[in-house]
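Protein chains in written order, with the numbering used here: chain D, 150 to 413; chain B, 5 to 287. Backbone N, C-alpha and C fix where the C-beta goes; we use that ideal spot for every residue, glycine too. Data first, discussion second: the structure below is written as structure tokens.
Here is the structure:
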């Protein structure tokens, strides 16, 4: 008898299936991928101010939208769709097969990573075409960008899987998850310039990953001169890595230990 | 050793004692049906055997393995069993073929995908999206996913709920084919005629304990129970219970001088026996 397929190869199979399934759900494709672009269009058209020399609000907002895209396509999407799959009984059925939990998680990570890349390309394309955003030319900025996307998407995926245990039902999941994400976006300097927020909001935001992702993305897409305008008078790159890693570990821990396959 | 051995199984949820000491032995190659009303402990017992729930006490061995073990050994065990749950609805955005093909990749020694699609009668629907299947077709897909791994042991939970009579007959034929291929089947069902048509042995569970294990024909002393003879005498329908129905019919026949009007000889159905056992009534 041949051997049971490895967790990794099954994970890749699942990723393939998840992407195919996702691509066929037109509403969710539009909502997940285009909504941030629409937001960018609205905010970019309404707020045309310059917030610092050579920095327009649309540029600032683009950095924030790319960061929150990592949260939307990962954390938000998973924390809403996994409870739905659980309600349908789809997760319990998977539990009854020899497919290991890790393959399921790998599949989700592949889906999230691909949709994040598409989203980022859409946002960047839109920003370049309509809001005069310029791509960085410094290779170091692209290196920062790469690890931010990798670490951010890993963190967002792990936390989304972990948080999927919180909503009691699939129908109620959106009502639990969406407000958290929207409040975080307001607190973390996505819709407003972070330094203009009340101090207590800045302090709350600093606990969560989104604030660090937005700041990191600003370090990529805004001129270095802007670093002095941040709360800490710098980009705080090292601190960003540490905080994202801590959240990643928390997310993985709860995903592995507490994941619920069944309604009851 | 039996394929499944359950001894002294107990499970409580808070103050509710769902399973209060169940013993079961299920043999290799048989179709074994577990009958019982809702809340009798049937689902809990089966889900413990399937490895979905943990037990409070007792021992459980399924294919020589303790179902509540986790880790790699558990994967090897799951590779040998198939489970058709009571209700599962996958996101309907994949086709029948894609879904079955995908699930086949989970197993070390899967059945041929086309053969499985053929055996559950979904050939014409293989490229249809799951969301466009009827209830009965979805159920057949569930069964296909349960058997794609070529299991030695198959759990079927209420497999034909919502089927029309023709689809049920076709489904029964499929299950009988699986048995002749050597698959052991544990069937839970609400339909007594289904248990009678399929099961080699049935167990009746109520109040968290097994009341009786027997063949469908012998359950509750059914084979030796009194027959009821009914006939029409003028304006009234008469009936009599008898240990010797043949003798009674012969007597009636000579009384009527040949044909007895509207003669019916019946023994209690499995349903009658079952309802009596669980203290219900079909009136």
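Residues that DSSP places opposite residue i in a beta bridge
i, result
"residue 199 (chain D)", "D:205"
"residue 28 (chain B)", "B:10"
"residue 231 (chain B)", "B:246"
"residue 216 (chain B)", "B:208"
"residue 161 (chain B)", "B:192"
"residue 17 (chain B)", "B:20"
"residue 66 (chain B)", "B:8, B:69"
"residue 252 (chain D)", "Partner(s): none; residue 252 (chain D) has no beta bridge."
"residue 270 (chain B)", "B:232"
"residue 61 (chain B)", "B:14"
"residue 237 (chain B)", "B:240"
Rounded Cβ spacing between residue i and residue j (contact assumed at less than 8 Å)
i, j, result
"residue 58 (chain B)", "residue 72 (chain B)", "5 Å"
"residue 226 (chain D)", "residue 309 (chain D)", "7 Å"
"residue 256 (chain D)", "residue 319 (chain D)", "Their Cβ separation, rounded to whole angstroms, is 19 Å, which puts residue 256 (chain D) and residue 319 (chain D) out of contact at 8 Å."
"residue 403 (chain D)", "residue 324 (chain D)", "Their Cβ separation, rounded to whole angstroms, is 21 Å, which puts residue 403 (chain D) and residue 324 (chain D) out of contact at 8 Å."
"residue 359 (chain D)", "residue 327 (chain D)", "Going by Cβ atoms, the distance from residue 359 (chain D) to residue 327 (chain D) rounds to 14 Å, so no, they are not a contact pair."
"residue 110 (chain B)", "residue 43 (chain B)", "At roughly 33 Å, the Cβ-Cβ gap does not stay under 8 Å, so residue 110 (chain B) and residue 43 (chain B) are not in contact."
"residue 243 (chain D)", "residue 106 (chain B)", "Contact doesn't hold; Cβ gap of about 11 Å is too wide."
"residue 13 (chain B)", "residue 62 (chain B)", "4 Å"
"residue 211 (chain D)", "residue 370 (chain D)", "6 Å"
"residue 145 (chain B)", "residue 137 (chain B)", "7 Å"
"residue 223 (chain B)", "residue 274 (chain B)", "7 Å"
"residue 400 (chain D)", "residue 250 (chain D)", "Actually they are not in contact, since the Cβ atoms of residue 400 (chain D) and residue 250 (chain D) sit about 14 Å apart, beyond 8 Å."
"residue 395 (chain D)", "residue 351 (chain D)", "About 19 Å; that fails the 8 Å criterion."
For residue i, the first and last residue of its enclosing beta strand (DSSP E)
i, result
"residue 38 (chain B)", "35-39"
"residue 330 (chain D)", "Taken as a continuous stretch (DSSP letters only), residue 330 (chain D) belongs to no beta strand (DSSP E), being part of the alpha helix (DSSP H) at 319-336."
"residue 281 (chain D)", "Careful: residue 281 (chain D) lies outside any beta strand (DSSP E) and carries neither H nor E."
"residue 86 (chain B)", "85-88"
Residue i at chain A interface by Cβ criterion, 8 Å
i, result
"residue 80 (chain B)", "In summary, chain A is missing from the structure at hand, where the protein chains are D and B."
Range of the contiguous alpha helix (DSSP H) that encloses residue i
i, result
"residue 177 (chain D)", "175-178"
"residue 306 (chain D)", "288-312"
"residue 265 (chain B)", "Unbroken run through residue 265 (chain B): none, as it is neither H nor E."
"residue 243 (chain D)", "239-244"
"residue 345 (chain D)", "First-last for residue 345 (chain D): undefined, no H or E at that position."
"residue 315 (chain D)", "Unbroken run through residue 315 (chain D): none, as it is neither H nor E."
"residue 49 (chain B)", "46-53"
"residue 79 (chain B)", "76-82"
- Contained alpha helix (DSSP H) runs [length at least 4] in the region 172-205 of chain B, N- to C-terminal order: 196-202
- May I ask you to verify whether the region 54-72 of chain B touches the region 212-223 of chain D, counting CB pairs closer than 8 Å and requiring at least 3? no
- Message: Using 8 Å as the cut-off, can you tell me whether the region 20-29 of chain B makes contact with the region 269-282 of chain D, which would need three or more C-beta pairs spanning the two stretches below that distance?
- Response: no
- In the region 367-400 of chain D, which residue ranges form an unbroken alpha helix (DSSP H) of at least 4 residues, counting only runs that do not cross its ends? none
- Going along the chain, which unbroken runs of the beta strand (DSSP E) with 3 or more residues stay wholly within the region 92-169 of chain B? 157-161
- Query: Can we say the region 130-137 of chain B touches the region 96-105 of chain B, given the rule of at least three CB pairs closer than 8 Å?
  - Reply: yes
- Task: May I ask you to verify whether the region 139-159 of chain B touches the region 117-124 of chain B, counting CB pairs closer than 8 Å and requiring at least 3?
- Result: yes
- Task: Could you tell me whether the region 182-195 of chain D touches the region 273-284 of chain D, using the rule of 3 or more Cβ pairs below 8 Å?
- Result: yes
- So does the region 257-276 of chain B actually touch the region 223-236 of chain B, counting three or more Cβ pairs closer than 8 Å? yes
- Would you call the region 200-216 of chain D and the region 233-240 of chain D touching, i.e. three or more CB-CB distances under 8 Å? no
- Should the region 403-413 of chain D be regarded as contacting the region 162-177 of chain B, the criterion being three or more beta carbon pairs within less than 8 Å? no
- Are three or more beta carbon pairs between the region 8-25 of chain B and the region 333-353 of chain D nearer than 8 Å? no
- Message: Check whether the region 59-69 of chain B and the region 77-84 of chain B are in contact - that is, three or more C-beta pairs closer than 8 Å.
- Response: yes
- Does the region 175-191 of chain D come close enough to the region 248-263 of chain D to have 3 or more Cβ pairs within less than 8 Å? no
- Should the region 382-399 of chain D be regarded as contacting the region 292-311 of chain D, the criterion being three or more beta carbon pairs within less than 8 Å? yes
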